[in-house]
Amino acid sequence: MQPACEHTRTQVLARRNGVDYVECLDCRQIFEAEDLEPVKTEEEEE
Ligand SMILES: [Zn+2]
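Per the numbering used here, residue 408 is the first one in the sequence shown, and the count goes up by one each step.
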């Protein structure tokens with residue numbers, strides 16, 4: 408049995424066409440960052 412993963416720990420793999428692709432460090436699933444729960448990134452301006 409594998410518990411439901413909430414993908415709380417992710418790393419960015421690549422950015423393409425303005426879309427961030429992230430990998431979950433727990434379940435190794437790869438998906439678009441936009442598919443994740445809304446994340447407050449207002450303070451992550453570079
Ligand atoms: Zn996950």
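Just so you know, even glycine gets a beta-carbon here, dropped at the ideal spot from N, CA and C.
The model shown is predicted, which means the values in this text are computed figures rather than measured ones.
Within the same chain, and ignoring the five residues on either side of cysteine 434 in sequence, the residues whose Cβ sits closer than 6 Å to its Cβ are Cys412. Taking the Cβ of aspartate 427 as the reference point, every heavy atom of ligand 1 lies at 7 Å or farther away. Within the DSSP secondary-structure output, glutamate 430 pairs in a beta bridge with Gln418, Ile437. Taking C-beta separations shorter than 7 Å and ignoring five residues to either side along the sequence, the partners of alanine 421 in its chain run Tyr428, following chain order.
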